[in-house]
Amino acid sequence: SMLTVNGEEERVKQEKDPRRIARKYQIDLCKKALQENVIIYLGTGCGKTHIAILLMYEMGHLFKRPQKDVCIFLAPTVALVQQQAKVIQDSLDFKVANICGNIPNSKSHKAWEKQLEDHEIFVMTPQILLFCLSHCFIRIEHIALLIFDECHYAQLGSNHPYAEIMKIFYKPDALKLPRIFGMTASPKLGKVICNINVYCVEDTKELEKFVKCPKVNVYYYSSSSSDSCSPQLTYIRRLEEIKLQSISCLQIKSLDRNILRSTKKLLQRLHSSLIFCLESLGLWGALQASYNYLRGGGDRYGNEPVEEEDKWGSPICGDELCSKYLHGAASFLASDCSGDGIQGDLSSVEVLKEPYFSRKLLKLVEILSNFRSQPNMKCIIFVNRKATARALSYIIQNLKVLSSWKCGYLLGVHSGYMSQKSTSLVLEKFQSGELNLLVATKVGEEGLDIHTCCLVIRFDLPETISSFIQSRGRARMPQSEYAFLVDSANPQEIELIEHFRKDEDQMNEEILLSKFTVPVSNFKDKAYKVESTGAIIGDVSSVSLLHHYCSKLPHDEYFNPKPSFFYYEDGDGMVCNIIFPANAPLHQINGSPQESNEAAKKDACLEACKALHQIGALTDYLLPEGDDILEEDSTVKLLNSDETQAELHEMLVPAALRMPWKDVENSVCFSSYCIKLCPDPADRIYRSFGLFLKEPLPEEACRMKLDLCLDQGRSVRAEIVPSGVVKFDKDEIAAAEVFQKISLGVILNRNAFIPDHVSLESSDACEPKTSTFYLLLPVIEHENGTVSVDWKCLKKFMSSPILELPGSHVEEISNPKSHLHLRNGCKSEEDVIGSLGYVPEKDAFFFISDVLHEKNGYGLCDDDSKSYVEYYAAKFGIHLVHPNQPLLKVKQVFNLDNLLRKKNLSGKWRAKEEHFTALPPEICQLKVVGFSKDIGSSLSLLPSILHRLESLLVAIELKDKLIASFPEGKEVTADHVLEAITTDRCGEQFSLERFEVLGDSFLKFAVTRQLFLKHGALDEGQLSIKRTNIVNNLNLQRLARKKNLQVYVRDQSLDPRHFFAFGHRCPISCNKETEDNIHLDPHENRTSRYSEIRCTKCHQWLYPKTIADMVEALMGAFIVDSGFKAASSFLKWIGIDVEFSCSQIEDICSSSNPFLSLYDENDVNALEDILKYRFRHKGLLIQAFVHPSFHKDFAGCYQRLEFLGDAVLDYLITSYMYSMFPNLKPGPLTELRSLFVNNNSFADVATRWSLQKFLMSGSDVLRDSLAKYV
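Numbering follows UniProt numbering, in which position 268 of the sequence shown is assigned residue number 268; successive positions increment by one, without gaps.
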């Protein structure tokens, strides 16, 4: 519907209400679910999901925002999760999250918190919910409604995640538990975990209006497996021979024992799979299966790669043994398939017969041939193995007799071989009719909404009654058929079908007779809980957690860490003994006696996880170190780039420059400092200036010296010299303020001086927006070393025409020779010389240096044949009225530049005569009297000098702050602190980069040492993760901001146009309300990255890496000036613990004692002779040569020592390079260090001294690789 509001049309969104399309029995069952925990038993296609949707709608007030609780809908497969999520999203006005496949953001509790804030209904697989509950990403008390689709899996004896969720987390004595709603089409329900009632539809006539049951047919075939003369036996024996030949060839080579054992096991699985395909499908099926395996799970005919039965982790063709076997088997099978005139092409087969096709497959072809003529026919064939599905799909695609069938296959996605996208694509093609036949494994049985299927064939019989009912439910069209292929020679298969039918009928009768309660069984709760967090792990989940932990241990191509399980029987049952990999902190765990090997394994794994947590190898959320990290730490990778998000920070204005002198009635005392300027070469004149401050400068700033870089290689040496305390009266202060306003205005904003009159009576009188207060005045140096303000010059400034009110000046009648006719009146030569003038036609200001009495307007212009009279008449239309008066010697006012920039290394300065020009007086306006060229030249240097002084004062304040916190750093100099806070972007002759390289290396070493000594239970990988979390840029900048260090960073190059001081205030007033509009984010507006706006708050954009670099550079400065102790104290002050005790060192040394049992297996004395060092703790030396693949009766290897040694070497080499090459830039310094510390360099050193001979390894592959390298 449409409504008109204020002339605008707005579409009214209709609220989604699932009650509108609900059937009566669905509403009735929903009412029961609102009152208690229930299981709804309805056949496939009866609308169980819609009952769940009705229940979510009715209970929505419990999890609709702003409520904190959520609803979770569980489905056992990824395909079902995607399907149900879409149905719920289309049916309800809730925020629905679809979570399946790889667990999103599993490393971050904060990310899960955001998910819970942003969504109200979660549709997920039970594995994900079990993971989230176990590790406290989601808590059971925050789930208002918990829905189980296909809930028949949640039985007590099952290891299914449904059962684990209920056993471990659904405690009847809990204060708050979710409402439970289960759905199933399977009537076979065993003992479950909680009291729950089962309901179905009592009025079956109502159901029959909506759901039609398919006709069940059994098709018999006679198998040839019982025939002793069957040709299949010949092929089986031949495949067995090929397998044995492959193994015998492999054993000639020297392989690692574990690799050999696992490879043989893999080969046997592969062989069994081919035999199964041979018996089930025939030669063609076995051949196609071998081709699929050779392609590593892919299919050359365009199908997506799929998973294999036993979750093989990598393409089989990558293994030499399996590849050899598969090539042999494929070659043998292909040669036989090419017989009888068939050229190896399945599409050319005209006669279908054994042994190319099994009798079972021939019966299937017969069924499909009979149905092919029916219009709009769609069929699903269910098989039990994925290899069968792929091979059978290929055969059906390529047989001419079945050309009307367009076939595809549907498999699970958990192994990663068939993606979620490809699964969805296959289902879409089937729904649209592009495919009309699917060969599917169990993934297609449950819940998939395939309405148009009218033929379901069980090529392999279902293994359970649930599978029987679920697969039948895919046949939903009227007059559908559900067909079984049964071996007539196998009475067990015939009995199985009858058994399924009887079980279903019996359960249906029980449910219909009365309300049915599922029996509840007492069970032993085997779980380990961490009280501090609530994390809890059950015995079933502990198996996968242990394997996950071991997979996180450091590994390479020579060592794959896995737990080993050994079983033995004692008087009370089976006991499992777990041996950990060599680089784990534990060596062995013994379980308690159990009734079976499986129970013993789960018991031992739970004990192992408990022990790992107690020694710190698992976090308090029962995750390996590194899986359980802070949200911000998961962005470490991004923070290594300057292109991350910048933040706006204020720059510190030093306190020495912030003290005002306002509101003083009489005189004011100033601390004075003479700024001496010495040009090189000494052919220019600079006027000395005085700096006057209300408070004295710190001692280190009183003698500041710096070199200013001018053009043509020229420079000026500037030095600040203390000149005592001076006293100004009110008039002198007023004159000084006028001088500063005019002088800074001329050099920084001279356009304001173009008008005839400039008023200084403005809000500048109180300077509310000025952050710095100091006076810069010309001074006179006396012979005794003292200085005094040139008040005469300031008095001249006060008499400038630009300060005269309009009409106040009276033109003099007389015209003595000492006066000149200027554009704005007749002025004496004394006032004109050494003043500032302006020529409107040239739009330029000039310093008037002298009067050229030898030249007048009739003289020739420079480089021109015209006279000045002719030139100005022609160029500007100006006719000189006083052409006979002498010309003015002038120099144009120069533009300001950053004089702190890096020196031009191109060579020497070039002697160049100063450039002057001549101007007729009458075209020139006199602006400021007494503003001479030497004053202007000095003023052009002052922004650079004051910028450096301000930076130095900031550095001194930071130094004082740090020394007050840890006196160990008192030796550090302010100059080095300044260097450590100045980035390369400032363009100065120094930057923090060299200090940063040194500090980064020290930080890595100091943190590594502390972690190594403190966490003896953590492996190299976990230690590396902990170190990364400490030393990464984000953590460093976070710690720096806690100490407010970001205000000290100098990250902007000097722009003299943005030099603001008393008398020249910043025009951009900034506050919290306006800062977003003033300062554009450089990440969004990249043009502003190098054109920052200077505001009254002194804001600058800083990247996290910039702040982190400053922290590392400060460490480098402390190391250079004050040593290790000061740098360590700085780290402690900022919040990084690097302290350790002597007892920790002793513990590490004593922990290496078990390696002394290997003393006789290695020539320790010879090794010490090579190293030229005698070890007090020889166990450490032996440990350094133990590879993790070395098999002995104790845990340990060199990996932890490698972690420590890597940091030690990095720091030693970095500090050596830093000291030996003081002028080397950071880039080349880092490159040179990399040449020394890379693996190839160390490998060359090790082999040069034959250290590889002492390596103790259990890997033959590693030994072969070492032999080849040497």
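Virtual Cβ for every residue (Gly too), placed ideally from N, Cα, C.
According to the neighbour-count rule (16 or more other Cβ atoms, all chains shown, within 10 Å of its Cβ), is Thr917 buried or exposed? exposed
Measure the alpha-carbon distance for Arg458 versus Phe1203 and round it to whole angstroms. 57 Å
Assuming Glu829 contacts Val851 under a Cβ cut-off of 8 Å, what Cβ separation, rounded to an integer in Å, is found between them? 5 Å
Any alpha helix (DSSP H) of 4 or more consecutive residues that is wholly inside the UniProt domain "Helicase ATP-binding" (29-187): 48-58, 78-91, 109-118, 126-134 and 161-169
Does any residue of chain D bring its CB to less than 9 Å from the CB of Asp756? Considering every chain present, this structure includes no chain D. It has just one protein chain.
CB-CB length for Ile138 against Trp112, believed under 8 Å: 7 Å
Looking only at its own chain, which residues have a Cβ that is under 6 Å from the Cβ of Val954, when we skip the five neighbours before and after it? Leu652, Pro654 and Tyr1048
Nearest by alpha-carbon distance to Asp711: which of Lys552, Asp729, Asp843 and Leu896 is it? Leu896
If you scan the UniProt domain "RNase III" (979-1123) from start to end, which runs of the beta strand (DSSP E) of 3 or more residues do you find wholly inside it? 1099-1102
With distances taken from CA atoms, which of Lys526, Gln127 and Glu993 is nearest Pro1228? Glu993
Nearest-angstrom Cα separation, counted from Leu29 out to Arg372: 41 Å
Candidates Ser672, Val716 and Ile1068: closest to Glu781 by CA position: Ser672
Anyone know if the C-beta pair for Val123 and Ile99 falls short of 9 Å? yes
Tell me whether Cys1142 is buried or exposed, calling it buried when 16 or more other Cβ atoms sit within 10 Å of its Cβ. exposed
Quick check on this structure: which residue in Lys792, Lys1253 and Asp620 has the alpha carbon closest to the alpha carbon of Cys136? Asp620
For Ser551, count neighbouring Cβ atoms within 10 angstroms of its own Cβ and tell me buried if that reaches 16, exposed if not. exposed
Can Tyr868 and Asn856 be called in contact, C-beta distance under 9 Å? yes
Which residues in the same chain as Ala844 place their Cβ atom closer than 7 Å to its Cβ, once the five residues preceding and following it in sequence are excluded? Gln892
Could you pull the DSSP bridge partners for Gly408 from this structure? Leu438
Using 8 Å for Cβ pairs, my map puts Arg1027 next to Val997. What's the rounded Cβ distance? Not a contact, Cβ separation roughly 18 Å.
Does the region 558-575 come within contact of the region 591-611, defined as at least 3 CB pairs closer than 8 Å? yes
Does DSSP put Pro315 in a helix, a strand or coil? Confidence is the limiting factor: at Pro315 the pLDDT is only 35, short of 50, which leaves the residue's position unreliable and the question unanswerable from this model.
Proximity to Lys24 [Cα-Cα], best of Glu36, Val201, Glu164 and Leu129: Val201
Look at the alpha carbon of Asp1121 and the alpha carbon of Asp1210, and state the distance between them as a whole number of angstroms. 20 Å
Quick one: give me the first and last residue of the alpha helix (DSSP H) that Ala611 is part of. Asn597 to Gln614
Using C-beta distances below 7 Å, list every residue in its chain close to Thr184, excluding the 5 sequence neighbours before and after it, in chain order. Ile39, Tyr41, Glu150, Cys151 and His152
Any idea what DSSP makes of Phe371, helix, strand or coil? helix
Count the other CB atoms within 10 Å of the CB of Phe847; is the residue buried (16 or more) or exposed (fewer)? buried
With a threshold of 6 Å on Cβ separation, who are the neighbours of Arg19 within its own chain once the five nearest residues in sequence on each side are excluded? none
Which value, in whole angstroms, describes the spacing of the CA atoms of Tyr1159 and Ile1182? 7 Å
Quick check: the region 925-934 against the region 743-756, are there 3 or more CB pairs under 8 Å? yes
Could you name the residues that DSSP lists as bridge partners for Phe692? Ser672 and Leu775
Excluding the five sequence neighbours on either side, which residues of its own chain have a C-beta within less than 6 Å of the C-beta of Cys986, listed in chain order? Arg1050 and Ser1053
On a Cα-Cα basis, can you pick out the residue from Lys378, Cys674, Asp1019 and Ser1259 that is closest to Arg687? Cys674
From this set, Cys605, Tyr567 and Leu553, which residue's C-alpha is nearest Gly538's C-alpha? Cys605
For the beta strand (DSSP E) containing Glu377, list its first residue and its last residue. Before going further, note that residue 377 is Met rather than Glu in the sequence given. Counting along the chain, Met377 falls outside any beta strand (DSSP E), and DSSP gives it neither H nor E.
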